[in-house]
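Numbering (the UniProt record's numbering), first residue to last: 1 to 881.
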Amino acid sequence: MTNEPGAPRLMITHLVNHNFKSYAGEQILGPFHKRFSCIIGPNGSGKSNVIDSMLFVFGYRAQKIRSKKLSVLIHSSDKHKDVQSCTVEVHFQKIIDKEGDDYEVIPSSKFYVSRTANKDNSSNYHINGKKSTFKEVGTLLRSHGIDLDHNRFLILQGEVEQIAMMKPKGQTEHDEGMLEYLEDIIGSCRLKEPIQTLSRRIELLNEQRGEKLNRVKLVEKEKNALEGEKNKAVEFLTLENDIFKYKSQLYQYYVHDLQKRVMDKDQEKQKILEETKELTEKNAKISEEMEKMNQELKNVEKKQNKINKYIETQKEKFTQLDLQDVEVREKIKHSKSKNKALQKQLEKDQKKLEEVRGIPASSEQAISEATASKEDLEKQKGKEEEKLKEVMESLKEETSGLQHDKETKEKELMELSKAVNETRSQMDLAQSELDIYLSRHKTALTQLNTAKQTLQTTSDTLQERRPAIIELQVKIPLTEQELKKDQEELGQLMKMDNDARHVVRELQQKVDEAKSSLSSNRSRGKVLDALMQLKKSGKIPGIYGRLGDLGAIDEKFDVAISSCCGALDNIVVDTIDTAQKCVTFLKEQNIGVATFIGLDKMKVWEKNMTPIRTPENSPRLFDMVRVNDESVRPAFYFALRDTLVAQDMEQATRMAFQKDRRWRVVTLKGQIIEMAGTMTGGGRVLKGRMGSSIGTEVSQEELDRMESKLNEKVSKLQGCQERRLQLEENVQRLQPQLREMKNTLEKYTNSMSSLADQETHLKLQIKELEANVLAAAPDKAKQKQMEKSLEAFKKDFESASSKAGKVENEVKRLHNLIVDINSHKLKAQQDKLDKINKELDDCSSVITKAKVAIKTADRSNFNTEECYQEELVAKIHTWTK
């Protein structure tokens with residue numbers, strides 16, 4: 001009955017869970033069907049966490065979501081440790097149903113509501129990603145037809161059985177049965193009040209109709225009975241006199257009633273003034289104590305600031321010393337590594353020098369060995385040639401002409417081979433002399449280029465760091481000033497934040513108490529409303545009110561007292577006579593039925609109100625009740641007696657059945673064990689029949705003003721917190737920046753002197769190296785002469801090689817012709833001879849290379865030793881210094 005057929009309605013498209021309970025990371029549940037969706041899975045797979053996530057977004061407390069506090073809802077596992085928050089988003093859209101499963105989405109109707117819980121058990125709401133309050137979320141959802149007041153849109157686990165076990169219809173006006181429950185769900189209950197109003201109007205109209213009919217009949221009789229104008233005038237005057245008389249009586253009653261009410265109000269005013277006086281004195285004492293505590297807090301903060309400044313100073317000193325230590329260690333490490341490298345280079349060059357010194361001996365040995373091998377090979381060659389001649393003699397007739405030509409060419413080739421070997425030896429010797437002559441100049445030139453490159457790097461570093469130091473010297477004071485300003489503002493904001501939090505907490509508590517009071521006043525029924533109205537009018541001043549409203553109890557015991565104390569809805573009055581007047585009033589007005597407790601008959605229970613010894617020292621429920629007016633405490637004892645409170649059913653069973661006495665016990669979950677031994681439990685849990693604070697009646701206007709003031713304070717607190725977060729981020733960003741800039745400035749400043757010394761040293765070293773390059777510069781005429789001599793030797797070698805190659809090719813050609821003619825007979829012997837000739841050539845080459853190596857080593861031995869030792873020793877001394 002809330003939507004017309006074909007009208008738009010709201011549906012949930014999907015849920016998005018971020019680190020909520022068993023859902024690690026981001027988990028999307030959906031999309032959902034427009035009417036009916038099922039979530040299945042084995043036990044422990046997280047099915048119940050789906051409805052828990054919806055309860056979380058719709059503002060349920062942690063206890064309703066099977067948790068002790070909000071931080072328990074945050075996911076925690078071995079793979080995801082230290083998660084700081086969890087968030088659940090419920091996405092909605094408005095649709096128009098079509099036939100079957102089809103539907104049409106209304107444009108721009110999609111939105112989502114999310115709630116985030118943090119580690120500190122705080123939570124906040126968002127609408128489409130924008131931060132909002134729970135009141136704004138409730139207003140939005142109620143505008144779309146979601147009933148957050150009665151929660152009929154969510155049937156939780158275990159409530160189906162409770163609904164099925166409901167009575168068909170409530171027995172009394174305040175009782176709820178299946179009929180009332182269903183009417184509440186489908187919306188037809190909203191017609192109940194209009195129907196009652198119309199019924200009352202029908203009754204009034206029927207009475208008016210009967211009255212009118214009676215008057216019509218009376219007028220007809222009077223008209224028939226009128227005798228004349230005289231009787232009419234007499235009746236008129238009589239009626240007019242009666243009217244003035246009744247008006248006079250009514251006005252006198254109003255005057256008397258107002259005078260009585262004024263006197264009552266004056267008495268109430270005096271009482272309020274007396275109570276206010278005591279509260280003012282208490283407030284003054286508390287203010288003095290708060291000033292003392294604030295002064296002590298300021299002193300502690302001053303001491304803490306001094307300690308923090310001292311710590312910062314010591315940190316800066318330690319940083320400077322650490323930088324100096326690092327710089328010295330790096331210099332020592334660099335010097336040691338250079339020293340090791342130069343020592344290794346010296347050892348390598350000394351080994352090279354030893355090898356150069358050993359070249360003549362090894363070459364002499366190689367020459368002697370090669371000469372001996374050559375003599376043996378020449379002897380062997382003579383034998384093989386004799387054998388070849390014998391073979392050739394046998395084949396002389398066939399290849400006599402070719403053989404003669406071949407011998408001639410071989411003799412010529414031998415002469416040419418000697419010339420080739422001599423020219424090669426001369427060319428290698430000239431190349432080696434030229435390389436040795438130019439090596440010292442090349443080494444000096446390489447050292448000069450390396451020094452210049454190092455000088456350029458050092459100069460560039462100095463040029464880069466000078467403006468950087470100037471920039472840092474300007475930037476550091478500005479950063480320090482900005483950091484100091486932010487820290488001072490942050491300190492003020494932290495103080496303001498603490499004060500604002502305290503004020504908001506107090507206002508929130510007052511608003512909650514006012515809401516609770518207003519809600520209880522609205523829901524107490526027309527019987528209590530009528531009686532309290534009667535008390536306000538002063539007709540029956542002895543009415544105190546509903547028993548449950550006259551006391552308060554901790555929220556921990558709410559379920560226990562709501563379940564076991566049926567008299568909380570009874571109405572407390574001062575005497576039995578007052579109760580009799582109330583009963584008469586209810587009976588006359590036909591308003592309803594109520595049960596009354598007369599305080600004058602409760603005094604007999606005062607002797608039993610003293611503390612008693614209980615099993616396991618468990619508390620009496622009566623002792624947990626707080627009251628403002630001690631005169632109503634006997635009424636609470638009458639309602640509760642010595643009922644004990646147990647943590648669970650096991651403890652309740654132990655305490656109820658003692659050897660010397662039986663006790664009435666109730667558990668924190670509302671399970672009751674009577675003294676007769678009967679047990680009561682299960683079904684819907686009762687709670688909220690007594691509040692945690694004793695509230696006074698608050699009007700809706702006062703509640704709106706309090707909420708407006710609370711929202712104003714909350715907005716100011718949020719603005720303060722946002723600015724505080726911004727300042728904390730700035731401070732956290734500026735502190736490491738300032739520390740890094742100071743370290744960099746210290747590092748650059750300390751390195752400038754060493755870099756300048758290095759630059760000066762390199763400039764002097766470059767001058768020395770330039771002088772060494774000039775001193776080691778080769779004589780151009782001598783170099784040109786040596787290059788010219790080398791070119792001449794190269795030309796001689798190339799010419800001799802060319803001639804020898806031509807003759808060798810001719811010999812090979814003739815030999816191949818002879819071999820082709822006598823391949824079978826002559827090939828084996830010729831192969832042996834070729835092998836011996838090749839070995840002879842190898843021996844000659846070895847002898848030539850060894851002779852060149854001896855000459856080269858003799859010439860370069862002295863120069864190499866002197867050059868390397870002087871340079872390496874000079875480097876080692878330089879880096880050691």
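Where is the CB? At the ideal position from N, CA and C, for every residue including glycine.
*Starting from the C-beta of residue 6, find all residues in its chain whose C-beta is less than 8 angstroms away, skip the five residues before and the five after it, and write them out in chain order.*
96 and 97
*Using three-state DSSP, classify residue 121 as helix, strand or coil.*
coil
*Where does residue 779 land, buried or exposed, given buried means 16+ other C-beta within 10 angstroms?*
Burial call: exposed.
_If you reduce the DSSP assignment to three classes, tell me which class residue 609 lands in._
coil
*DSSP three-state assignment for residue 294, whether helix, strand or coil*: helix
*asked:* Please state the DSSP three-state secondary structure of residue 38.
replied: coil
*Take residue 709 as the anchor and find which of 456, 285 and 505 has the nearest alpha-carbon.*
505
_In this structure, how does DSSP classify residue 8 when only helix, strand and coil are distinguished?_
Secondary structure at residue 8: coil, using DSSP grouped into helix, strand and coil.
*Roughly how many whole angstroms lie between the Cα atoms of residue 686 and residue 155?*
Each residue's alpha carbon lies about 17 angstroms from the other.
*Do residue 179 and residue 168 have their C-beta atoms closer together than 8 angstroms?*
By the CB criterion at 8 angstroms, residue 179 and residue 168 fall inside the cutoff.
_Among 635, 587, 584 and 616, nearest to residue 608 - alpha-carbon criterion_ = Of the listed residues, the one whose Cα sits closest to residue 608 is 635.
*Count the C-beta pairs between the stretch 613-630 and the stretch 550-569 that are closer than 8 angstroms, then say yes if the count reaches three, no if not.*
Output reads yes: the stretch 550-569 touches the stretch 613-630.
*Counting only the same chain and skipping the five closest in sequence on each side, list residues whose C-beta sits under 7 angstroms from that of residue 748.*
465, 468 and 469
*Indicate the three-state DSSP secondary structure (helix, strand or coil) for residue 465 in the structure shown.*
helix
*What's the gap between the Cα of residue 55 and the Cα of residue 472?*
56 angstroms
*At a cut of 8 angstroms, does the stretch 68-88 reach the stretch 112-121 through at least three beta carbon pairs?*
yes
*Please name the residue or residues paired with residue 97 in a DSSP beta bridge.*
103
_Straight-line gap, residue 436 to residue 442 (C-alpha atoms, nearest Å)_ = 10 angstroms
*Quick one: any contact between the stretch 33-40 and the stretch 70-78, if contact means 3 or more CB pairs under 8 angstroms?*
no
_Less than 8 angstroms between the beta carbons of residue 34 and residue 125, yes or no?_
no
*Nearest-angstrom Cα distance between residue 163 and residue 211?*
48 angstroms
*asked:* Checking 8 angstroms against the spacing of the C-beta atoms, do residue 88 and residue 10 come in under that value?
replied: no
*residue 846 to residue 426, Cα distance in whole Å?*
Distance between the alpha carbons of residue 846 and residue 426 is about 15 angstroms.
*Excluding sequence positions up to five away, which residues of its chain have a Cβ less than 7 angstroms from the Cβ of residue 523?*
The predicted model places residue 523 with a pLDDT of 43, which falls under 50 and marks its position as unreliable, so this point remains unresolved.
*Sort 325, 432 and 60 by Cα distance to residue 746 and report the nearest one.*
Out of 325, 432 and 60, the CA that lies nearest to the CA of residue 746 is found in 325.
*asked:* Restricting to runs no shorter than 3 residues, where is the beta strand (DSSP E) found entirely within the stretch 128-172?
replied: Correct list: 130-132.
*For the alpha helix (DSSP H) that residue 653 lies in, which residues bound it at each end?*
649-656
*asked:* Is it buried or exposed, residue 114, if we count other Cβ atoms within 10 angstroms and call 16 or more buried?
replied: buried
*Please state whether DSSP places residue 113 in a helix, a strand or coil.*
strand
*Between which two residues does the beta strand (DSSP E) containing residue 639 stretch?*
It is not in any beta strand (DSSP E) - residue 639 instead sits in the alpha helix (DSSP H) that spans 633-640.
*Measuring CA to CA, which of 69, 12, 57 and 86 is closest to residue 23?*
Of the candidates 69, 12, 57 and 86, the one whose C-alpha sits nearest the C-alpha of residue 23 is 86.
*asked:* With three or more C-beta pairs closer than 8 angstroms as the rule, is the stretch 594-609 touching the stretch 651-668?
replied: no
*Looking at residue 420 and residue 800, is the spacing between their C-beta atoms short of 8 angstroms?*
yes
*Taking just the CA atoms, how far does residue 350 sit from residue 873?*
Any answer about residue 873 is weak, because its pLDDT of 44 lies below 50 and its placement is not dependable; what the coordinates show is given next. Those two C-alpha atoms are separated by around 12 angstroms.
*Considering residue 901, what are the terminal residues of the beta strand (DSSP E) in which it resides?*
Nothing about residue 901 can be read from this structure; the chain reaches only from 1 to 881.
*Applying the criterion that 16 or more other CB atoms from any shown protein chain within 10 Å of the CB defines a buried residue, is residue 255 buried or exposed?*
exposed
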